[in-house]
Each structure stands twice: as C-alpha cells, then as structure tokens.
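Peer 1: Okay, handing you the structure first.
Protein chains: 2
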Amino acid sequence: MGVKIRKSKQRNRILEVLQSSRNHVTANWIYDELRPEFPSVSLGNVYRNLNILVDQGLVNRLGFGSNVDLYEAVREPHYHFVCDRCGAVEDVRVPEDLQHRVESRISRDYGHVVTSKSVEFHGICRACRADGVTM
Amino acid sequence: MGVKIRKSKQRNRILEVLQSSRNHVTANWIYDELRPEFPSVSLGNVYRNLNILVDQGLVNRLGFGSNVDLYEAVREPHYHFVCDRCGAVEDVRVPEDLQHRVESRISRDYGHVVTSKSVEFHGICRACRADGVTM
DNA sequence: GTATCTGCAAAACATTTGCCCTTTG
DNA sequence: CAAAGGGCAAATGTTTTGCAGATAC
Chain A
410 MGVKIRKSKQ RNRILEVLQS SRNHVTANWI YDELRPEFPS VSLGNVYRNL
460 NILVDQGLVN RLGFGSNVDL YEAVREPHYH FVCDRCGAVE DVRVPEDLQH
510 RVESRISRDY GHVVTSKSVE FHGICRACRA DGVTM
Chain B
410 MGVKIRKSKQ RNRILEVLQS SRNHVTANWI YDELRPEFPS VSLGNVYRNL
460 NILVDQGLVN RLGFGSNVDL YEAVREPHYH FVCDRCGAVE DVRVPEDLQH
510 RVESRISRDY GHVVTSKSVE FHGICRACRA DGVTM
C-alpha cells in the first residue's frame with residue numbers, strides 16, 4: 410500500500426494557484442507565486458507536491474515538446490493548440506461525439522483501452538495570422 | 410538567411426537508422442547504433458544532427474510526458490498510443506475524415522491554422538489487458 | 001580556402017533525492 | 001510520538017555549447 414497523504418498548506422496553495430490560473434504554468438512560476446506567502450518554500454518542494462497532485466489526478470502535466478513541463482488544474486477534457494510562431498498555448502474544445510468516435514476507433518481497431526489523451530495541435534494561431542504571418 | 414547545411418556521413422546514417430527502425434528511439438539509442446561504424450562519434454553530435462533533421466522536417470521529436478525525447482522518421486501522419494502500464498508506444502491510424510473533421514472544427518471555431526498535430530492517447534494496451542490488468 | 005561538421009569536455013537546465021528538522025494527526 | 005511534509009543543497013540525467021581540429025564544397 411502506498412504512503413498516506415496528509416494535508417499541507419503548501420500543496421493546498423499550489424492547487425489553488427493552478428485552479429485560479431487560466432494559463433498553463435511552470436513549476437518555477439508557481440514557486441514565485443508561493444514565495445510571498447511562504448518565503449522559505451523551495452522549488453524542490455513545489456516539484457514534490459506537483460507530482461503528488463498529478464498522481465491524485467487533480468493536475469495535468471503537459472510536455473508540449475519543450476523541455477519545461479507545464480501544469481494545469483484538471484477540468485473538463487480538452488485539447489491544446491500550440492502556436493508555433495508565438496508559443497501561445499490555448500485550450501480547444503472539440504465536440505464530445507467526435508472525441509468518442511476517435512477513441513472508439515482505437516479500441517475497436519487496436520484493442521487498447523483509452524483512459525486519457527494528450528492532444529496538441531500545432532499551427533499558427535489566429536492572432537499571428539492577423540499579423541500577416543504567411544508560413 | 411540561415412546557415413548552409415552540408416552533407417555529413419553521420420547525419421545521413423542517423424536518418425537511415427531512424428527510417429529503418431519501427432520504434433520510437435532515444436538519442437542515446439541512436440548513439441549506440443552509430444558507434445560500430447563511427448567509433449568516435451559523440452552523443453552531442455547525435456543531438457546536433459537530430460535537431461537539424463527535425464528542423465528539416467525529416468524527423469519528429471516526441472515528448473510523451475517522459476523526460477527523455479523520442480525520435481521517429483517522418484512518414485504519413487499518425488497518432489500515438491502510450492500504454493501507461495508497460496510504456497509501449499504504438500502508432501495508431503485514424504481515418505482521414507475523422508482527423509479532418511476535428512481540425513476543421515478548430516479552424517472554424519478558433520481561427521487557428523493547424524499545420525501539424527501531436528496526439529497521444531494513454532491507456533492500457535491490448536497486451537497488458539490480456540495479462541489481466543484491471544485498472 | 002572558408003564555412004560547416006565533429007569530438008571532446010564542460011556547461012546549462014529542469015527535475016529529483018538525501019538528510020535532518022518541522023508539522024500533522 | 002510516529003509518520004509525513006518541508007528546506008536546503010547536492011545529485012541526476014538529458015540536452016546544449018565552446019573550442020580546436022577535421023571535412024566538405
């Protein structure tokens with residue numbers, strides 16, 4: 410059996426910060442957010458607690474091809490759009506039925522059970538397009 | 410204008426290795442593959458060349474939430490399925506029309522242009538299911 | 001010949017871990 | 001008070017980079 414998890418002010422605050430943030434943020438950004446309230450908090454502890462929150466299914470860790478992980482509080486399932494020009498990461502929603510059709514294809518054709526998905530579309534976002542980016 | 414790219418035996422071999430490999434492999438694995446032919450090749454140079462090949466659009470870099478990047482030669486577009494139990498990464502194909510419907514929804518609803526996608530489904534693969542994994 | 005490529009080793013970087021003290025229950 | 005959490009600093013592991021010599025064109 411695993412380790413028992415107790416309450417912790419720091420971990421609580423980390424979750425709150427994530428839930429009240431609209432963007433996908435780095436561990437280091439969270440660390441800076443916590444410092445006013447917990448002046449002696451350590452970055453290592455932010456990482457430790459993020460790992461716990463991810464294990465608990467309360468937070469998603471996102472790679473996005475960069476070498477820095479981003480974190481977001483778990484909400485309704487959604488996909489991500491990453492702009493290759495400006496780097497912006499935006500949530501996108503795709504109708505449930507389209508999502509289900511893709512996943513049931515995978516079940517049917519391959520026999521795998523899909524429990525979660527991490528989908529990122531890359532391209533040029535609306536704002537960059539408006540700026541006349543052609544590529 | 411960028412830097413001119415010359416031919417290089419090592420980079421050529423790296424691409425061949427990727428093209429003849431069915432799996433998604435690490436830089437370090439490629440490094441080991443090259444050593445018989447280029448005994449003094451360096452891991453740093455493998456990384457340098459992988460970056461060039463990715464820039465040239467010949468190779469995909471895949472994060473998969475792990476802290477090690479995986480590489481694959483570029484072929485037809487496809488998605489990935491990652492087994493959370495055994496870590497296996499498998500290519501999955503989804504009918505073109507379903508892919509296009511998802512992407513045109515993003516264009517229509519958000520105004521972004523989708524040029525590529527990196528899609529990973531997570532779950533339990535067929536083999537692990539057969540082994541009686543319940544989760 | 002000159003710009004690019006390479007090997008080597010060191011640097012950079014995010015993330016993890018060990019140790020010992022503090023807090024929680 | 002026993003077990004989990006935190007701070008600190010060192011360790012880890014992957015990827016990048018600076019430099020001097022080798023290679024491509």
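So the sequence lines, in the order shown, correspond to chains A and B. Counting from 410, one number per residue, gives the positions in the first sequence under the numbering used here. Counting from 410, one number per residue, gives the positions in the second sequence under the numbering used here. Yeah, the Cβ is synthetic: ideal placement off N, Cα and C, and Gly gets one too.
State the DSSP-derived secondary structure class of A/Asn432, mapped to helix, strand or coil.
Peer 2: coil
Peer 1: Give the straight-line distance between the Cα atoms of A/Tyr456 and A/Gly466, rounded to the nearest whole angstrom.
Peer 2: 15 angstroms
Peer 1: If contacts are defined as beta-carbon pairs under 8 angstroms, then A/Leu459 and A/Tyr480 qualify, I think. What distance do you get, rounded to the angstrom?
Peer 2: In this structure, A/Leu459 and A/Tyr480 form a Cβ contact; the two beta carbons are roughly 6 angstroms apart against a cut-off of 8 angstroms.
Peer 1: Cutting at 8 angstroms between CB atoms, please list the residues of its own chain near B/Gln428, excluding the five before and the five after it.
Peer 2: Result list for B/Gln428: Ala482, in chain order.
Peer 1: Alpha carbon to alpha carbon, what distance is there between A/Ile461 and B/Leu400?
Peer 2: In the structure displayed, chain B extends from 410 to 544; residue 400 of chain B sits before or after that span and is not available.
Peer 1: When you compare the CB positions of B/Val501 and A/Tyr519, do they come within less than 8 angstroms of one another, or not?
Peer 2: yes
Peer 1: Please classify B/Lys413 as buried or exposed, where buried requires at least 16 other C-beta atoms within 10 Å of its C-beta.
Peer 2: exposed
Peer 1: Name the two residues that bound the continuous beta strand (DSSP E) containing B/Arg470.
Peer 2: 468-471
Peer 1: Rounded to whole angstroms, what's the CA-CA distance from A/Met544 to B/Thr524? Just pull it up for me.
Peer 2: Legend: pLDDT at A/Met544 = 43, less than 50; position of this residue unreliable, value from coordinates given subsequently. Between A/Met544 and B/Thr524, the C-alpha separation is close to 10 angstroms.
Peer 1: How would you label A/Arg420, buried or exposed, when you count the other beta carbons within 10 angstroms and need 16 or more for buried?
Peer 2: buried
Peer 1: Going along chain B, which residues have a C-beta under 8 angstroms from A/Lys526?
Peer 2: Val528, Glu529, Phe530, His531
Peer 1: With a 10 Å radius around its C-beta and 16 neighbouring C-beta atoms as the bar for buried, classify B/Glu505 as buried or exposed.
Peer 2: exposed
Peer 1: Identify the contact partners of B/Ile515 in chain A, using a Cβ-Cβ distance below 7 angstroms as the criterion.
Peer 2: For B/Ile515, the chain A residues whose C-beta falls within less than 7 angstroms of its own C-beta are Phe490, Val501, Phe530, listed in chain order.
Peer 1: Are the C-beta of A/Thr543 and some C-beta of chain B separated by less than 8 angstroms?
Peer 2: Residue placement at A/Thr543 is poorly supported in this model, since its pLDDT is 45, which falls under 50; the coordinates still yield a value, given next. For A/Thr543, the answer is no, since every Cβ of chain B falls outside 8 angstroms of its Cβ.
Peer 1: So, under 8 angstroms CB-CB, A/Val426 and A/Glu442 are touching, yes? Tell me the CB distance rounded to an integer number of Å.
Peer 2: 5 angstroms
Peer 1: According to the neighbour-count rule (16 or more other Cβ atoms, all chains shown, within 10 Å of its Cβ), is B/Ser513 buried or exposed?
Peer 2: exposed
Peer 1: Can you name the start and end residues of the alpha helix (DSSP H) that B/Gly520 belongs to?
Peer 2: It is not in any alpha helix (DSSP H) - B/Gly520 carries neither H nor E in the DSSP assignment.
Peer 1: Which class does B/Glu485 belong to by DSSP, given the choice of helix, strand or coil?
Peer 2: coil
Peer 1: For a test of the three-state rule: what should DSSP assign to A/Glu499, helix, strand or coil?
Peer 2: strand
Peer 1: Report back the beta-carbon spacing between B/Leu471 and B/His433 to the nearest angstrom; my notes put them in contact at under 8 angstroms.
Peer 2: 6 angstroms
Peer 1: Can you tell me the Cα-Cα spacing of B/Val463 and A/Val528, whole angstroms?
Peer 2: 20 angstroms
Peer 1: Identify which residue in B/Ile533, B/Ser516, B/Lys526, B/Pro445 has its Cα closest to the Cα of A/Ser516.
Peer 2: B/Ile533
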